[in-house]
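Input: a single structure, listed below in structure tokens.
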Amino acid sequence: MMDASRRRFLLTAGVVLSSVLHARFTAAADNELRRRQPLTDSRYDQWAARYDMLNGGHESALPRFFGLEQLRREAAQAARGDVLEIGMGTGLTLPLYSERMHLPYHASPGSVDTDSIHRVVGIDASAGMLREARRRRQALPKAQRDQVTLLQADASERLPFEDASFDVAVMLYVLSVADDPGQILRESLRVLRPGGHIVVADHVRSYLPLVAAYQNVTADAVRALSKGCRWNLDLERLLHVAAGDQIQVASRKRILGGTVELIIARLCLPPQPAPASPLARL
Ligand SMILES: C[S@@+](CC[C@H](N)C(=O)[O-])C[C@H]1O[C@@H](n2cnc3c(N)ncnc32)[C@H](O)[C@@H]1O
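In structure tokens, the structure reads:
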């Protein structure tokens with residue numbers, strides 16, 4: 339027969355062991371669930387309906403006044419071939435792309451021979467923003483609508499695309515709000531074809547020292563008040579840290595006292611095998 343103190347000890351050990359096991363299983367199940375849930379960034383959901391009023395679209399004169407509309411046009415102009423837009427938001431670029439979706443398209447490896455846009459894949463983490471983008475896609479003529487795919491995805495995770503499957507990756511005002519901009523850039527490079535282009539526009543630290551100092555001092559407050567926007571990015575450095583000498587900056591443009599920048603950079607072709615020496619044939 340077991341005495342009472344031994345029974346109490348075994349009972350307590352059993353309870354402790356089962357609690358530990360339960361906690362471990364629950365944590366593992368939670369992690370698994372989190373892993374399987376569609377990734378979504380709800381920060382932007384609440385802004386989706388009002389976003390265009392402040393940031394673009396025909397309804398708003400502000401972006402036109404500040405030159406932001408023109409910058410967006412120039413960014414969209416760099417798109418051709420197979421285009422991936424990361425953080426497409428409400429789809430403000432869709433009508434701009436659609437102007438060149440009907441042109442004849444011919445691509446050879448590493449180059450797109452015309453200005454034509456063949457297909458557009460727009461991804462965003464926010465379901466609300468994508469809802470607005472779908473509305474914008476619906477307004478396109480049917481043939482062009484069919485060339486646009488919209489997808490909810492987190493670009494800081496591995497994107498659901500093969501390596502080297504796009505000619506241009508566009509990121510407009512995404513890197514400043516993303517939690518891991520470096521990872522987004524690395525992922526966009528992975529899915530770009532050699533010779534393809536990265537098109538980024540975003541808020542950056544001004545070249546005017548006083549403005550830059552003001553941006554630095556207020557950066558935390560602005561971030562807290564503006565859906566997490568870092569408005570003092572160093573975009574070119576961010577690109578170089580993520581891409582090293584894989585990319586060459588093709589053009590840069592700054593507006594608004596240097597606080598908004600558009601960079602178009604080219605993904606260099608991988609090293610080509612050296613041509614065979616004529617002597618090798620002898
Ligand atoms: C400031 S808005 C810009 C939207 C659009 N590019 C434009 O120019 O109007 C930033 C967008 O990036 C999206 N976003 C932020 N982080 C993201 C991520 N990791 N993956 C995909 N989208 C992301 C947000 O949901 C939001 O729609």
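Numbering (my numbering), first residue to last: 339 to 620.
We treat Cβ as the ideally placed atom computed from N, Cα and C, and that holds for glycine.
Leaving out the 5 sequence neighbours to the left and right, which residues in its chain are closer than 7 Å to Asn-369 when beta-carbon positions are compared? The predicted model places Asn-369 with a pLDDT of 45, which falls under 50 and marks its position as unreliable; any figure quoted below should be read in that light. Non-local C-beta neighbours of Asn-369 in its own chain, meaning closer than 7 Å and more than five positions away in sequence, are absent.
Within this structure, are the beta carbons of Gln-482 and Leu-468 separated by less than 7 Å? Result no, Cβ atoms of Gln-482 and Leu-468 do not sit closer than 7 Å.
Would you call Leu-488 buried or exposed, if buried means 16 or more other Cβ atoms sit within 10 Å of its Cβ? Buried is the call here.
Would you check if there are 3 or more beta carbon pairs closer than 8 Å linking the stretch 572 to 588 to the stretch 546 to 556? The way I'd put it, the stretch 572 to 588 doesn't touch the stretch 546 to 556; fewer than three beta-carbon pairs between them come closer than 8 Å.
Taking all protein chains shown into account, do 16 or more other C-beta atoms lie within 10 angstroms of the C-beta of Pro-498, making it buried, or fewer, making it exposed? Label assigned to Pro-498: exposed.
Between the Cα of Ala-417 and the Cα atoms of Ile-585, Glu-437, Pro-547, Ala-477, which residue gives the shortest distance? Ranking Ile-585, Glu-437, Pro-547, Ala-477 by Cα distance to Ala-417 puts Glu-437 first.
Does the distance from the CB of Met-426 to the CB of Asp-390 come in under 7 Å? In this structure, Asp-390 does not lie closer than 7 Å to Met-426 by Cβ.
Suppose you measure from the CA of Glu-470 to the CA of Leu-430; what does that come to, to the nearest Å? So the alpha carbons of these two residues sit roughly 9 Å apart.
Give me whichever residues DSSP pairs with Glu-599 in a beta bridge. In DSSP, Glu-599 forms a bridge with Asp-540, Arg-592.
If we call anything under 7 Å between Cβ atoms a contact, is Ala-502 one with Ser-526? In this structure, Ser-526 does not lie closer than 7 Å to Ala-502 by Cβ.
Neighbourhood of Leu-406 by C-beta, 6 Å cutoff - its chain only, sequence neighbours within 5 removed: Apart from sequence neighbours up to five positions away, no residue of its chain approaches Leu-406 with a beta-carbon distance below 6 Å.
Within this structure, are the beta carbons of Tyr-511 and Asp-540 separated by less than 7 Å? For Tyr-511 and Asp-540, yes; Cβs fall inside 7 Å.
Gly-460 beta carbon near ligand 1 (any heavy atom closer than 6 Å): At a cut-off of 6 Å, the beta-carbon of Gly-460 does not count as near ligand 1: no heavy atom of the ligand is closer than that.
Which residue from Val-486, Gly-520, Arg-388 puts its Cα closest to that of Gly-582? Answer by Cα proximity: Gly-520.
Exposed or buried, Ala-516, counting other C-beta atoms within 10 Å across all chains shown (16 or more means buried)? Ala-516 is classed as buried because its beta carbon has at least 16 other beta carbons within 10 Å across all chains shown.
Separation of Arg-473 from Glu-495, as counted between CA atoms: In a straight line, the C-alpha of Glu-495 is about 26 Å away from that of Arg-473.
Completely contained beta strand (DSSP E) runs for the stretch 487 to 530, where each covers 3 or more residues: Scanning the stretch 487 to 530 from its first residue to its last, the whole beta strand (DSSP E) runs of 3-plus residues come out as 504 to 510.
Roughly how many whole angstroms lie between the Cα atoms of Gln-408 and Ala-562? Cα to Cα, Gln-408 sits roughly 28 Å from Ala-562.
Starting from Gly-466, trace the alpha helix (DSSP H) both ways and give me its first and last residue. From DSSP, the alpha helix (DSSP H) with Gly-466 extends over 465 to 476.
Mind checking whether the beta-carbon of Gly-467 lies closer than 6 Å to any heavy atom of ligand 1? Note that residue 467 corresponds to Met in the displayed sequence, not to Gly. Yes, since a heavy atom of ligand 1 falls inside the 6 Å radius drawn around the Cβ of Met-467.
Going along the chain, which residues of its own chain have a beta-carbon closer than 8 Å to the beta-carbon of Arg-411, five neighbours each way excluded? Cβ neighbours of Arg-411 beyond the five flanking positions: Leu-434.
Please return the same chain residues whose Cβ sits closer than 8 Å to the Cβ of Phe-504, not counting the five positions on each side in sequence. If the five residues before and after Phe-504 are omitted, its C-beta is found closer than 8 Å to the C-beta atoms of Gly-419, Asp-420, Val-421, Leu-422, Val-459, Val-529, Leu-530, Arg-531, Gly-534, all from its own chain and listed in chain order.
When Gly-595, Ile-602, Gln-476 are compared against Pro-547, the one with the closest alpha-carbon: It is Gly-595.
Along the chain, where does the beta strand (DSSP E) that runs through Arg-438 open and close? Arg-438 -> no beta strand (DSSP E), and no H or E assigned at all.
Contact test: Leu-430 Cβ vs ligand 1 heavy atom, cutoff 6 Å: Remark: the C-beta of Leu-430 is in contact range of ligand 1, defined as less than 6 Å to any heavy atom.
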